[in-house]
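Per this note's numbering, the very first residue in the sequence shown carries number 3; after that it's consecutive. The C-beta atom is built at its ideal place from N, Cα and C for all residues, glycine as well. The block underneath contains the structure these notes are about, expressed in structure tokens.
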Amino acid sequence: MNQVDQARESLVPGTLQGRGGPVEEQLRLALEQLAELRAREALQSQFLANISHDLRTPLTAVITHAEILRDGILGELTPAQLESVRGIINGGRQLLGQVGEILTYARGSANQLSLDVTPFVIREVLEEARTLNASLLAKKRLTARVEVHPDVPPVRADREKVAHVLANLVGNAIDFTPADGNLWLRASRIDDRGRDSVLVEVADSGVGIAPEHHELIFQEFAQVDSTPSRSHHGTGLGLTIARKLVELHGGRIWVESEIGDGSRFFFTIPIEAVE
Numbered sequence: 003m004n005q006v007d008q009a010r011e012s013l014v015p016g017t018l019q020g021r022g023g024p025v026e027e028q029l030r031l032a033l034e035q036l037a038e039l040r041a042r043e044a045l046q047s048q049f050l051a052n053i054s055h056d057l058r059t060p061l062t063a064v065i066t067h068a069e070i071l072r073d074g075i076l077g078e079l080t081p082a083q084l085e086s087v088r089g090i091i092n093g094g095r096q097l098l099g100q101v102g103e104i105l106t107y108a109r110g111s112a113n114q115l116s117l118d119v120t121p122f123v124i125r126e127v128l129e130e131a132r133t134l135n136a137s138l139l140a141k142k143r144l145t146a147r148v149e150v151h152p153d154v155p156p157v158r159a160d161r162e163k164v165a166h167v168l169a170n171l172v173g174n175a176i177d178f179t180p181a182d183g184n185l186w187l188r189a190s191r192i193d194d195r196g197r198d199s200v201l202v203e204v205a206d207s208g209v210g211i212a213p214e215h216h217e218l219i220f221q222e223f224a225q226v227d228s229t230p231s232r233s234h235h236g237t238g239l240g241l242t243i244a245r246k247l248v249e250l251h252g253g254r255i256w257v258e259s260e261i262g263d264g265s266r267f268f269f270t271i272p273i274e275a276v277e
């Protein structure tokens with residue numbers, strides 16, 4: 003529970019009794035505390051957004067100059083130099099991605115995210131997610147299959163944000179699936195709480211997630227394995243952001259998994275999302 007939630011708890015009438023002061027005074031103090039905490043959280047979110055935005059420009063410059071070296075524009079590199087430059091590019095892109103996650107999280111916390119609704123075909127987004135991860139899939143000899151039910155129509159939603167959710171889910175599936183494993187990207191049409199929706203599934207044959215951690219992994223900055231020696235690193239914001247973007251559409255996201263039996267992540271997107 004964060005500070006704002008704790009302050010909100012103090013507004014429950016039963017908790018205001020017996021504290022040595024009038025109920026009205028206790029309520030006034032609790033409201034002041036809640037307003038102060040909300041203002042502080044807004045400042046923290048704005049700071050994260052500002053610093054993340056300012057980091058993107060120099061990071062992009064580092065990557066661009068490294069790509070110039072890689073492409074031999076300033077002269078040929080030795081194989082060892084070329085390998086080192088590729089390492090700079092890969093590390094820079096990874097860091098840029100993490101900065102982007104922080105920026106998206108900060109905007110979501112400050113309620114600055116909105117939908118840019120356009121029509122698109124969900125199969126194209128699934129195929130694109132597979133194509134963008136082709137090198138990682140090949141490196142671990144993973145097979146990724148795309149299966150879309152024929153009755154899935156084009157959707158009206160924010161294509162970029164749906165792709166962002168898929169990128170997080172597919173990236174996690176690749177990270178936590180051993181070599182020679184399998185991934186599945188599926189889409190079907192369902193009625194989700196009375197709304198005509200698309201159900202998207204990202205499944206893998208990986209290590210799986212214990213049931214007691216199913217909710218934890220969607221919490222901000224959460225890591226099931228938080229030790230310094232863990233093999234998988236990141237901001238701990240990927241699934242938090244995915245949930246925010248799905249719920250922004252009016253959908254929901256969840257996981258079904260057992261240790262040693264792979265994971266199946268699901269999310270729904272209304273076929274006609276409201277901006």
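Reference residue 119, options 185, 162 and 133, closest by Cα: Closest option to residue 119, judged by alpha-carbon separation, among 185, 162 and 133: 162.
Contact test: residue 257 Cβ vs the ligand FMN heavy atom, cutoff 7 Å: The model depicted lacks the ligand FMN and carries no ligand whatsoever.
Cβ neighbour criterion (16 or more within 10 Å) applied to residue 92: Flag for residue 92 reads exposed.
Pair within 8 Å by beta-carbon distance, residue 273 and residue 148: No, Cβ-Cβ distance for residue 273 and residue 148 is not below 8 Å.
Start and end residues, beta strand (DSSP E) containing residue 265: Start and end: 265-272.
Option in 186, 95 and 104 with minimal Cα separation from residue 267: 186
Delimiting residues of the alpha helix (DSSP H) encompassing residue 192: Premise fails: residue 192 lies in the beta strand (DSSP E), 184-194, not in any alpha helix (DSSP H).
Contact check, residue 190 vs residue 270, beta carbons under 8 Å: no
Residue 143 (DSSP reduced to helix, strand or coil): coil
N- and C-terminal bounds of the alpha helix (DSSP H) containing residue 78: Premise fails: residue 78 is in no alpha helix (DSSP H) and is neither H nor E.
Alpha-carbon to alpha-carbon, residue 24 and residue 32: 13 Å
Beta-carbon separation (whole angstroms), residue 101 vs residue 134, contact threshold 8 Å: Between residue 134 and residue 101 the Cβ distance is about 19 Å, and since that is not below 8 Å, they are no contact.
Residues bridged to residue 213 [DSSP beta-bridge criterion]: Note: residue 213 is not bridge-paired with any residue in the DSSP secondary-structure output.
Member of 243, 82 and 86 whose CA lies at the smallest distance from the CA of residue 255: 243
Nearest candidate by alpha-carbon position, reference residue 179, set 63, 139 and 121: 139
Span separating the alpha-carbon of residue 216 from that of residue 188: Computed Cα separation, rounded: 21 Å.
Distance CB(residue 205)-CB(residue 264) smaller than 8 Å: yes
Euclidean distance between Cα positions of residue 181 and residue 89: 22 Å
Nearest neighbour of residue 184, chosen from 194, 193, 172 and 195 [CA to CA]: 172
For residue 149, the three-state DSSP class (helix, strand or coil): strand
Whole-angstrom distance between residue 130 and residue 219, CA atom to CA atom: Taking the Cα positions, residue 219 is about 25 Å away from residue 130.
Residue environment, residue 128, which counts as buried when at least 16 other CB atoms sit within 10 Å: buried
is_contact[residue 32, chain C] using C-beta, thresh 8 Å: Included in the structure is just one protein chain, with no chain C present.
Nearest-angstrom Cα separation, counted from residue 176 out to residue 116: 29 Å
Local conformation of residue 171 per DSSP, three classes: helix
Residue span of the alpha helix (DSSP H) that contains residue 260, given as start and end: Taken as a continuous stretch (DSSP letters only), residue 260 belongs to no alpha helix (DSSP H), as it is neither H nor E.
DSSP state of residue 115 mapped onto helix, strand, coil: Correct three-state label for residue 115: coil.
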